[in-house]
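As structure tokens, the structure follows; a few thoughts come after it.
In the UniProt record's numbering, the protein residues as written are 1 to 161.
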């Protein structure tokens, strides 16, 4: 049965953690501890972008169109922040894999900006903070012995007017 089909299962709980609850390594570990103590095996979790990630992505996106040097500086700050979270939470082998995926995402997003900022490009870039948080939290939970997998919800979410 798919994760989506199971979402209505009786007794299942959804745990939501906002960006400030994922602001640093201690925060991630605190959230993982909460999940270890209060969640059941089939519960689901939703996470926001860590700390100021969304604001940094928006700043990078806007500056990329007007001030490339400042945009690069914002991107490097974001890159350092995310890489520090990953390396602070995971052993080297797992951290290397997640860091590679993160860097690949940044390269792909930077290429999108070369074509200009459309609504679709804006949404794609700004939404990546949640993806990075979900990947990292899943890895942290697995590292702590909790069975977890991240799910990219974008194919299931549609805006209807």
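Just so it is clear, CB atoms sit at the ideal spot from N, CA and C, and this is done for glycine as well. Note that the coordinates shown come from a computational prediction; the quantities given were computed from them, not determined experimentally.
Check whether the Cβ atoms of residue i and residue j sit closer than 9 Å, and answer yes or no.
i, j, result
"residue 135", "residue 112", "no"
"residue 47", "residue 22", "yes"
"residue 56", "residue 117", "no"
Measure the beta-carbon distance from residue i to residue j and round it to whole angstroms, keeping in mind my assumption that it falls under 8 Å.
i, j, result
"residue 59", "residue 74", "5 Å"
"residue 36", "residue 146", "6 Å"
With residue i as the anchor, note down where its alpha helix (DSSP H) starts and where it stops.
i, result
"residue 14", "Careful: residue 14 lies outside any alpha helix (DSSP H), inside the beta strand (DSSP E) at 14 to 17."
"residue 117", "Unbroken run through residue 117: none, as it is neither H nor E."
"residue 180", "Shown here, the chain extends from 1 to 161; a query on residue 180 therefore has no answer."
"residue 22", "Run containing residue 22: none; DSSP gives neither H nor E here."
"residue 81", "68 to 89"
Name, in chain order, the residues that DSSP records as bridge partners for residue i.
i, result
"residue 45", "15"
Report the option in the options whose CA atom is closest to the CA atom of residue i.
i, options, result
"residue 27", "44, 55, 49", "49"
"residue 43", "30, 12, 93, 109", "12"
"residue 139", "46, 94, 37", "94"
"residue 105", "132, 86, 152", "132"
"residue 148", "32, 89, 24", "32"
"residue 144", "17, 18, 29, 20", "29"
"residue 83", "124, 17, 24", "24"
"residue 141", "110, 90, 96, 100", "90"
"residue 129", "68, 39, 79", "79"
"residue 115", "88, 102, 156, 61", "61"
"residue 68", "14, 126, 17, 110", "110"
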